[in-house]
Amino acid sequence: MIDEIRQKMRAIPGMDVLLEKEWTRQWQATLGREGVKRVINGELTRLRRRLLEGEDMDLSPDSLQKILEGLLRAEGRRRLRPLVNATGVVIHTNLGRSCLADEALAAVTEVASGYSNLEYNLDEGVRGHRNAHVEGALCALTGAEAALVVNNNAGAVLLCLSALAKGTEVVVSRGELVEIGGSFRVPDIMAFSGAELVETGTTNRTHLRDYAGAITERTSMLLKVHPSNFRMEGFTTAPERADLAALAHEKGLILMEDAGSGLLVDGKALGLEGETDVRACLAEGVDVVTFSGDKMLGGPQIGVIAGRELVVDRLRGHPVLRALRVDKMTLAAFEITMRLYMRGDYDAIPTLSMLRRTGESMKAQATRLAARLRRVTSARVSVAEVEDAVGGGSYPALPLRGWGVAVTGHPLGGAGRLQTLLRARDLPILCGARRIAGVDDALAIHVRTLRPGDEKELIQAFADLRPSELRPPELK
Ligand SMILES: *Cc1c(COP(=O)(O)O)cnc(C)c1O
14 MIDEIRQKMR AIPGMDVLLE KEWTRQWQAT LGREGVKRVI NGELTRLRRR LLEGEDMDLS
74 PDSLQKILEG LLRAEGRRRL RPLVNATGVV IHTNLGRSCL ADEALAAVTE VASGYSNLEY
134 NLDEGVRGHR NAHVEGALCA LTGAEAALVV NNNAGAVLLC LSALAKGTEV VVSRGELVEI
194 GGSFRVPDIM AFSGAELVET GTTNRTHLRD YAGAITERTS MLLKVHPSNF RMEGFTTAPE
254 RADLAALAHE KGLILMEDAG SGLLVDGKAL GLEGETDVRA CLAEGVDVVT FSGDKMLGGP
314 QIGVIAGREL VVDRLRGHPV LRALRVDKMT LAAFEITMRL YMRGDYDAIP TLSMLRRTGE
374 SMKAQATRLA ARLRRVTSAR VSVAEVEDAV GGGSYPALPL RGWGVAVTGH PLGGAGRLQT
434 LLRARDLPIL CGARRIAGVD DALAIHVRTL RPGDEKELIQ AFADLRPSEL RPPELK
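The number in this note's numbering is simply the position in the sequence shown, starting from 1, with 13 added.
#1: From the DSSP output, read off the bridge partner residues of residue 98.
#2: Relative to the C-alpha of residue 373, which candidate in 358, 417, 412 and 409 has its C-alpha closest?
#3: Nearest to residue 208 by CA position, among 170, 67 and 376, is which residue?
#4: Of the residues 415, 236, 168 and 109, which one's Cα is nearest the Cα of residue 94?
#5: On the DSSP bridge assignment, give the partners of residue 304 in chain order.
#6: May I have a chain-ordered list of the beta strand (DSSP E) segments no shorter than 3 residues that lie completely inside the segment 183-222?
#7: Does the beta-carbon of residue 241, which I'm using as the reference point, lie nearer than 7 Å to any heavy atom of ligand 1?
#8: Just checking my contact of residue 296 with residue 260 at CB under 8 Å: how many whole Å lie between their CB atoms?
#9: Check whether the segment 307-327 and the segment 363-377 touch, using three or more Cβ-Cβ pairs below 8 Å as the test.
#10: Does DSSP classify residue 177 as helix, strand or coil?
#11: With a 10 Å radius around its C-beta and 16 neighbouring C-beta atoms as the bar for buried, classify residue 424 as buried or exposed.
#12: For residue 236, which of helix, strand or coil comes out of DSSP?
#13: Does the separation of the CB atoms of residue 18 and residue 72 fall below 8 Å?
#14: State buried or exposed for residue 504, treating a residue as buried only when at least 16 other CB atoms are found within 10 Å of its CB.
#15: If I measure Cβ to Cβ from residue 120 and keep anything under 6 Å in the same chain, skipping five residues before and after, which residues do I get?
#16: Whole-angstrom Cβ separation of residue 303 and residue 112, contact assumed at under 8 Å?
#17: Could you say if the segment 423-442 and the segment 472-481 meet the contact criterion of at least three C-beta pairs nearer than 8 Å?
#18: Is it the case that the segment 350-360 contacts the segment 389-396, given that we only count it when at least three CB pairs across the two stretches are under 8 Å?
#19: Which whole runs of the alpha helix (DSSP H) in the segment 121-177 are 4 residues long or more, in chain order?
#20: Do residue 221 and residue 252 come within 8 Å of each other at the CB atom, strictly closer than that value?
#21: With a Cβ-Cβ cutoff of 8 Å, do residue 493 and residue 36 count as a contact?
#22: Between the alpha carbons of residue 316 and residue 479, how many angstroms are there, rounded?
#23: Considering only residues of the same chain and omitting the five flanking positions on each side of residue 491, which have a CB-CB separation below 6 Å?
#24: Quick one: Cα of residue 79 to Cα of residue 66, how far?
#25: Do you know whose CA, among 231, 427 and 34, lies nearest residue 177's CA?
#26: Does the distance between the C-beta of residue 193 and the nearest non-hydrogen atom of ligand 1 fall short of 7 Å?
#27: Under 8 Å, do residue 314 and residue 289 count as touching if we go by C-beta distance?
#28: Closer than 7 Å: is that where the CB of residue 75 sits relative to any heavy atom of ligand 1?
#29: Would you identify the three-state DSSP class for residue 322, choosing helix, strand or coil?
#30: Would you list the one or two residues that DSSP bridges to residue 423?
#31: Tell me the DSSP secondary structure of residue 25 in three-state form.
Right under this line is the structure:
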């Protein structure tokens, strides 16, 4: 037994020998000699330990090559890489939220690969401001007098509170002291900004008189926060925005709103009801509103601050603005996204076009996809109605009916197993899994969120998922 282990240990080639092999040389060209050494070293140590523990392994040259090549291939993959979103969740925060419009992408490439007038005033030949590239369009689209952009909406809220309310009291309804996810919590960001949170009302009902009663001579602001990812139903009340604005202005206070998602068009134009767009917020008397660029707006990650000039101007020289400034690639993408809104070209913005898709077009796509999948798999493939979601904390209660393809009876296993195998691909594919029309444990491919080229990947993936290949794809 001991001899047998010794023999196997001795049979493992040394690092120098391995590094001379043609197949490792190819990987050295990609990962560098040290990179390949690190991977091989780690694995050889593991294999030797397992041998010593008495495990019976096939460590023939072929088998060892297969193991090591699998690891090198995994190492060679980019860490941050594209994937196929077949979940039907349009603004999926874990999957990068919004996909950029083609025209926006082209602008990013141009601006990022060369020099630009990022902070240069071409008319006068002097230093300019990066914010100037998007302020005009933002004002035109929202009706604001002035606007600023920062890294994201959390940053926008932080900047506003730091610059406008530090050392003073800010009144917030107890029904709006929310946590958005990714550790954005209203009380925490308030504490960090140096503003003092004053809670008013109750969880489900806050009246105008509650706000009025909470105002002291130390109050500077009333803050309204979009509850985003949850909804309260039943015995609830909140004052009208216009009444809140009247109260704030009568007392000489600022009314600020964290609108979260940032609708730039009337939601009804997208077939979505129940959210207030930014223009309406400002028209109803909000002094300053903040929102994200990559949620309902469908642009890059950015945080917008829009509102009255007197208020926005107080933010311009603030150090937090400098710390959270937006980079040129983001500005390029955002400027073009604004332009698409100005033109009313909503279908060029992927987030909006996905949200606007009709049942008819999704059903047709699912039918086509199902037919193509049936040619490559022995599993049961059917067209099914599915439940999609807007995501990104927008419209949590709104059922978004979609269409998809349900896969059951696959020889490799149920939905959970298929999800794992599809995730392990070089181009990972994320699918839903749920009961569809009385079918248990079906893999659900939602077509709403598929991008051009994704169907081809899906067909290839199912063609690769043969019963003879029970190993996960990365070890093939
Ligand atoms: C999403 C959201 C945020 C955070 O926005 P980011 O752009 O992710 O920083 C803040 N407030 C509300 C109400 C939100 O919905």
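Quick reminder that beta carbons are idealized off the backbone N, C-alpha and C, glycines included.
The short version:
#1: 443
#2: 417
#3: 170
#4: 109
#5: Under DSSP, residue 304 forms a beta bridge with 273 and 317.
#6: Unbroken beta strand (DSSP E) stretches of 3 residues or longer found wholly inside the segment 183-222: 192-194 and 209-213, given in chain order.
#7: yes
#8: At roughly 17 Å, the Cβ-Cβ gap does not stay under 8 Å, so residue 296 and residue 260 are not in contact.
#9: yes
#10: helix
#11: exposed
#12: strand
#13: no
#14: For residue 504 there is no data in the structure shown, the boundaries of the chain being 14 and 489.
#15: 345 and 349
#16: Residue 303 to residue 112, Cβ: 23 Å. No contact.
#17: yes
#18: no
#19: 145-155
#20: yes
#21: Shown here, the chain extends from 14 to 489; a query on residue 493 therefore has no answer.
#22: 46 Å
#23: Nothing about residue 491 can be reported from this structure: the residues present for the chain run from 14 to 489 only.
#24: 22 Å
#25: 231
#26: yes
#27: no
#28: no
#29: Residue 322 falls in the helix class under three-state DSSP.
#30: The secondary-structure analysis by DSSP pairs residue 423 across a beta bridge with 426.
#31: coil
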